[in-house]
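Student:
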Amino acid sequence: MRFIADLHIHSYLSRATSPQMNLESLHRWAQLKGVTVVGTGDFTHPQWFGELAEKLDPAEPGLFSLKNKYAGDRNAVPESCTAPVRFILSVEISSIYKKNAKTRKVHNLVFFPDLPSAARFNAMLQKVGNIASDGRPILGVDSKDLLKMALDTSPEAYFVPAHIWTPHFSVLGANSGFDSIEECFEELSPYIHCGETGLSSDPPMNWRLSALDNITLISNSDAHSPDRLAREANIFSTDLSYAAITEALNAPESGDFLGTIEFFPEEGKYHLDGHRACSQCLKPDETLACNGRCPTCGRKVTIGVMHRVTQLADRPWGFLPKGKPPFFSLTALCEILSEILSTGPRSKKVQNEYFRLLNLFGNELYILMDCPLNDLKQSGLSLLPVAIESLRKGDVEITPGYDGEYGKIRTLNDRKKQATQLKLF
Amino acid sequence: MSIDLHSLNHRQQEAVTASDKALLIIAGPGTGKTYTLAHRIAYLLKGTAEPHSSILALTFTAKAAQEMRERVSQILQEEGACEHDDRPWIGTFHALGLEILRNEGKRLGILSEFRILSESEQIELVKEVLSQTMPSESLARVKKWIRLLSDRKNGLPPDSSVASSPLFELSDRLFNCYQSRLKDLAMVDFDDLILMPLTLFKEHPDVKAAYQNRIHHILVDEFQDINNLQYEFLNELLGPQTSLWAIGDADQAIYAFRGANVHYFLRFQKDHPSAKTITLEYNYRSAPPILIGAQSVIAYNTNRLSTACIPTITDVSSPITLFTTPHEKAEARCVVHEIERLIGGFRMESPVEGPDDVGFNDIAILYRFHHLRSHFAENLKQAGIPYQLVDKNVAGSDSPFSNVTPYLEILVNPHNDPAFRTLFPRVDKTFSMAVMHRLSSAAQNKGMSLYTLLSTSHGKGLLETRQEETVTQLISLLKCLQIHLQTGNLKDVIADICQGAHIPSPFDSQEQAGWLVLAEPFFTGSAAEKLSPFLETLSLLKEGETYNPRAEAVTLMTVHAAKGLEFPIVFMVGLESGIFPATEFGDTASNDEEERRLFYVGMTRARKRLFLSYARERYLFGEKRERTPSPFVYEVSPEVVETCPVPSQSEKKKKPKSKQLSLFSR
Ligand SMILES: [Zn+2]
Ligand SMILES: [Zn+2]
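Which chain is which? The protein sequence lines are A and B, in order.
Going by our numbering, the first residue of the first sequence is number 1, and it counts up by one from there.
Going by our numbering, the first residue of the second sequence is number 1001, and it counts up by one from there.
1) Counting contacts by CB-CB distance shorter than 8 Å, is Asn1303(B) in contact with chain A?
2) Name the residue from His1094(B), Leu1408(B), Phe1201(B), Arg1258(B) whose alpha carbon lies nearest to the alpha carbon of Leu1148(B).
3) Could you check which residue in Cys1309(B), Ala1057(B), Arg1071(B), Glu1520(B) has the C-alpha nearest to that of Thr1242(B)?
4) May I have the straight-line CA-CA distance separating Ser1317(B) from Gly401(A), to the nearest angstrom?
5) If Ile336(A) sits next to Ala387(A), beta carbons under 8 Å apart, how far is it from one beta carbon to the other, in whole angstroms?
6) Using a Cβ-Cβ cut-off of 7 Å (strictly less than) and excluding sequence neighbours within five positions of Ser1455(B), which residues of its own chain qualify?
7) Going by C-alpha to C-alpha distance, which of Leu7(A), Asp57(A), Thr103(A) sits closest to Phe111(A)?
8) Could you work out which residue in Leu1023(B), Glu1222(B), Lys1153(B), Leu1219(B) is closest to Pro1197(B) when comparing CA atoms only?
9) Enumerated in chain order, which unbroken segments of the alpha helix (DSSP H) with a length of 4 residues or greater are wholly contained in the region 1268-1330 of chain B?
10) Hey, how far is the Cα of Glu1050(B) from the Cα of Leu1108(B)?
11) Hey, Ser1577(B) and Thr1628(B): beta-carbon distance below 8 Å or not?
12) Verify whether the separation of the beta carbon atoms of Leu63(A) and Ile88(A) is less than 8 Å.
13) What are the boundary residues of the beta strand (DSSP E) that Phe1611(B) is part of?
14) Given a limit of 9 Å on CB to CB distance, which residues of the region 132-154 of chain A reach chain B?
15) So, is Ser210(A) buried or exposed, given that buried needs 16 or more other C-beta atoms within 10 angstroms?
16) Tell me, please, which residues DSSP counts as bridged to Pro462(A).
17) By the three-class DSSP mapping on this structure, what secondary structure does Leu391(A) have?
18) Along chain A, in chain order, which residues have C-beta atoms closer than 7 Å to that of Gly1384(B)?
19) DSSP state of Ala230(A), grouped into three classes?
20) Straight-line CA distance for Glu1353(B) to Pro1029(B)?
21) Once you ignore the five residues that flank Phe1431(B) on each side, which residues in its own chain have a CB closer than 6 Å to its CB?
22) Between Phe430(A) and ligand 1, is there a pair consisting of the residue's CB and a ligand heavy atom that are separated by less than 7 Å?
23) May I ask you to report which of helix, strand or coil DSSP gives Pro295(A)?
24) Do Ala162(A) and Leu109(A) have their C-beta atoms within less than 8 Å of each other?
25) Is it buried or exposed for Thr17(A), if we count other Cβ within 10 angstroms and need 16 for buried?
26) Quickly, what does DSSP pair Phe1175(B) with across the bridge? List them, please.
27) Distance cutoff 8 Å, beta carbons only. Does Gly1359(B) sit that close to anything in chain A?
28) Near Pro226(A), what residues of its chain come up, given a Cβ to Cβ distance below 8 Å and the 5 sequence neighbours on each side ignored?
29) Hey, would you say Gly1384(B) sits closer than 8 Å to Asp222(A), going by beta carbons?
30) In the structure shown, what three-state DSSP assignment does Arg1636(B) receive?
31) Could you check the C-alpha separation between Ala1330(B) and Ala1615(B) for me, to the nearest Å?
32) Give me, in chain order, the residues of the same chain whose beta-carbon lies closer than 6 Å to that of Lys39(A); leave out the 5 immediate sequence neighbours on both sides.
33) Under three-state DSSP, which class holds Gly281(A)?
34) What does Thr1422(B) pair with, by DSSP beta-bridge criteria?
35) Do three or more CB pairs link the region 1358-1376 of chain B to the region 1561-1569 of chain B at distances below 8 Å?
36) Is there contact between the region 274-287 of chain A and the region 229-246 of chain A, where contact requires at least three CB pairs shorter than 8 Å?
Written out as structure tokens, the structure is:
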């Protein structure tokens, strides 16, 4: 079957996350968004692990479902969206350590198919660090050693370097990463089949590195609040099971992995270089021209993902390797509604419209990706089909993000708005 | 034949190549002391046709000795020299004493298989000895008696609080009893490791002459830390042909409370009239503000030799930061927050600053007393920052092995009564002082060890039924372990002990990972073979030696323990009058100059950044007390200090409290 999976989220027990990041909300929002498989996140946290053990039932092999008594108010999910939701045991671990005389800060995702394995892994981590104070624990453990611990725990452990380009916290990041996967994982590199592109990069940027040709690029939301779920995600066409998912990722040529749903990378907060405090956003060549210093204050600028990719790339921009799954660049429906209604994306007005549309047509990803434009014309929002058509065609206006500042995507402009109005009369 | 000396500065070269019979090298912090000493050893090794074992290098910690061995062999490797069995002898004074006793102790009537009395065993032995006259001495008093015994062995005058005790006249008898029990048990205490070789040398001049003839060069590290006995021992080892090369820094003498006597350093010239003195003057460690600040403090001392060091690090010039905080909790919070900032925002959410390449193990939090560490450890834990605690009482209760060592000692020698005595009350609380006294007397009357008494029918009727069961179980566990000892490795045996005795495993403690690194070499090979060396290593440990430089963690330790180490970033905390100098604490008669030296040692651990902090209010001795800053803080030259007042929590906006709460309240 075809389904969408978002494998990297955080629970309310991680720092700076919404108190709503509990299993009940995740279950609800997965349906609203159109996600079938959701990472549990944070399984190393003792309290979260306790909740997982209590509230989840084993479902298909390696996957879990929320017990009925917790699945909650049926009305919370419009009938048009109701669908089964599965959980997969996942955690993100922040490794901070010295290697080759540099401080490395690397985030990695670890998956297990069953609670006993996860419990064994937790017991192992407990001996080397503190896993009880943060859902995304910080450990002074070398990424490679962490991978080895995961593999020692269970041969079915699945290990994915997270948001591989983020400047400060990733395997290839400019500030505290490595220049290659191999430098980080050495002889265990063959166990790395996947890399998470992160919000600030998309597949074409990654394709510029031949070194990543054998890495399947996946995308996840890294959501800290439920409404951010599936802002990036993965599309599969395979059985609903842990093994089928990991096999699809290990062998993308099988065609079981249908590609990713992506942010426009420019929307990510570390896309270009710059210094946020001074509102200086710089393209890679501009940064080089000013010696990596902010033109306003002279401090070192934060090197963005684009710059870092350019540094490590061995292929020109636009290179298309063979046999890569497609990807779909989307933006959130609330952002589009905010443009149409000329009001904030979190405003009551937008929220009301959002749920009205979900009631009418189905889950958000369906509306954004698949719903026929003719249907959308019945929405009562004349600009909606225009905006969605633009989005699907990639006809959008982009203000890139940098140094922690999110970028902006506009699906509508005055020209499109006027044209629509003319058609109406 | 000589070694490459290009990496050394002129003074260092002079020190390395000197041919003087006595040489004192004054090496301030960061002037390349270890580097120079290692090159000196390598230089002697390459330049001599004599056996390498004619070179003796004495250090004060086993760790320093290990580091020295590694450095020397590294230099020699770079020189292309090959290693062979004939090696220089590098080790601590105590390790040298131990070796001499193992080799020659029979001349004093000591069995070559003697054991070193551990700290907890010493307590039990003194309790046992005291029990005849003073059966209910408190632990604190027992420790005072131990101090008295030690001072006596070290030729020091007794502590005034004991000397004024009406029971002081008993000390002769106590001393004799203690000594004869040690002999019965074939054990020696820590002081004996120096004292006995001295006696040996005095009573057997031929032994002394043999050592003197063998040793041509003696090098002493940290010479300012030498104590009376060690100094005497050193002089005995110096033959007419032996050269003495001593390196150290009188400004870093901080072990007066252990009997170290900086006067030997200060009067070196007097004791060795032909001696030459070389001062290493370039500091390769600290940023100029740190060095200037530290030197402005130590300049207040009058009893010193050293002159100011010249900074060579010029690429960092951040001033010393002084945090003034409303109370100890705010102090800990502020330090941990600063650590988060320095690491460069180790969370995606925290602002990313500090392009410096800072890792957790680049950071140390130093304090005057262990009591001060709890808030820091707590805050680090809450922030999810990895940290390591470097323990104070390494030979005793702080060791994660402290629960298993009595078992291990008994496995080595079941007739080790003090070890048995430490064990019983832990296994079964009903083994009170009175019960132990009853057992010990019975054993002594029958002329047998506790083990023999209890594992045979001789012990019948001395104990209640429940207690007898405890004993039976314990004896059978020990017998089981004896078998495991022959088959498994030491790690397995320790795991068996923990399982059999229901005690927490020492391998689960991540905060104390340094211990495991230390123990690791003993875990391969047969347990029976590694057991004694392992226990010996544990009993010779000194404070600070459990520090693990490879742990990816922030280090928490006392200033004493930090001696000899350096960190890019150092926080000195709890800098309040009464704490630093330590006038409000404990039984150490504090001496301002010594305390100032300690402060200086703390400051000079820092390479790039130094943070000082104090609280205006602190819970001490069960009550909230107003605090004033340490006088030493005012001695830091103000032009290198940036004061940073930290507001109290109420003045700041409140953080949303625990997210867990919201779940429960729903
Ligand atoms: Zn992450
Ligand atoms: Zn700027």
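Every residue, glycine too, gets a C-beta built ideally from N, C-alpha and C.
Treat the numbers as computed from the prediction; the structure is a model and nothing was measured.
Tutor: Here's the rundown:
1) no
2) Arg1258(B)
3) Ala1057(B)
4) Straight-line Cα distance between these residues: approximately 34 Å.
5) 5 Å
6) Ile1475
7) Ranking the options by Cα distance to Phe111(A), first place goes to Leu7(A).
8) Lys1153(B)
9) 1268-1271, 1288-1298
10) 31 Å
11) yes
12) yes
13) 1606-1615
14) Ala132, Ser133, Asp134, Arg136, Pro137, Ile138, Leu139, Gly140, Val141, Asp142
15) Exposed is the call here.
16) Lying before the first or after the last residue shown, residue 462(A) is absent from chain A, which here runs from 1 to 425.
17) If DSSP states are grouped into helix, strand and coil, Leu391(A) belongs with the helices.
18) Within 7 Å Cβ-Cβ: Asn130, Ser133, Asp134, Pro137, Ile138.
19) coil
20) Because the pLDDT at Glu1353(B) is just 47, under 50, the model does not fix this residue reliably, and the value given afterwards should be weighed accordingly. Rounded to the nearest angstrom, the gap between the Cα atoms of Glu1353(B) and Pro1029(B) is 30 Å.
21) Phe1424, Pro1425
22) Residue 430(A) falls outside the range modelled here, since chain A spans only 1 to 425, and no answer is possible.
23) Shown here, Pro295(A) sits in coil according to DSSP, grouped into three states, outside any helix or strand.
24) In this structure, Leu109(A) lies closer than 8 Å to Ala162(A) by Cβ.
25) buried
26) None; Phe1175(B) has no bridge partner.
27) yes
28) Ser18, Gln20, Met21, Ser25, Leu26, Arg28, Trp29
29) no
30) As written in the sequence, residue 1636(B) is Val, which differs from the Arg given in the question. Note: Val1636(B) maps to coil in three-state DSSP.
31) When only Cα atoms are considered, Ala1330(B) and Ala1615(B) end up about 8 Å apart.
32) Looking at the sequence shown, residue 39(A) is not Lys but Gly. Setting aside the 5 residues that flank it on each side, Gly39(A) is surrounded in the same chain by Leu7, His8, Ile9, Ile88, Ser90, each with a C-beta closer than 6 Å to its C-beta; the list follows chain order.
33) The sequence given here places Cys at residue 281(A); Gly does not occur at that position. Looking at Cys281(A) - three-state DSSP - the assignment turns out to be strand.
34) Answer is none; Thr1422(B) lacks a bridge partner.
35) Yes: the two stretches touch, three or more of their Cβ pairs being nearer than 8 Å.
36) no
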